[in-house]
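> Numbering (the working numbering), first residue to last: -8 to 76. Yeah, the Cβ is synthetic: ideal placement off N, Cα and C, and Gly gets one too. This one's a predicted model, so the numbers in the text were calculated from it and none came from an experiment. Could you have a look at this structure, given as structure tokens, before my questions?
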């Protein structure tokens, strides 16, 4: 696994997953969203997307349940986002 932090890259050995959490388990949604936190932070760091008219903030993606929508102004921005995901 590769983890990019602000100052360095942390690499770990491969982890073999023997068993996961089944759909319907009460922990499943919580763990899913915890995993999405780092993805959201990485997409925000790309500084891509469209600027919102009223708040002047950039939106590069939207999350709803288990769906992810990428928002980009150009094909190049979209390719950066896809590569990150």
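(1) Tell me the residue span of the beta strand (DSSP E) that contains residue 2.
(2) From residue 35 to residue 15, what distance separates their C-alpha atoms?
(3) How many angstroms separate the CA atom of residue 6 from the CA atom of residue 44?
(4) Among 57, 56, 49, whose alpha-carbon lies nearest the alpha-carbon of residue 63?
(5) Who are the Cβ neighbours of residue 22 in its own chain at under 8 Å, not counting the five residues just before and after it?
Straight from the coordinates:
(1) As a first step, residue 2 must be located in the chain shown, where it is residue number 11. Going by DSSP, residue 2 is part of the beta strand (DSSP E) stretching over 0 to 2.
(2) Residue 35 sits at position 44 when you count from the first residue of the chain shown. Residue 15 sits at position 24 when you count from the first residue of the chain shown. Rounded to the nearest angstrom, the two C-alpha atoms are 30 Å apart.
(3) Numbered from 1 along the chain shown, position 15 holds the residue referred to as residue 6. Numbered from 1 along the chain shown, position 53 holds the residue referred to as residue 44. C-alpha separation (whole angstroms): 44 Å.
(4) Taking the chain shown and counting its residues from 1, one reaches residue 63 at position 72. The shortest Cα separation from residue 63 among 57, 56, 49 belongs to 49.
(5) Within the chain shown, numbered from 1, the residue matching residue 22 stands at position 31. Correct list, in chain order: 12.
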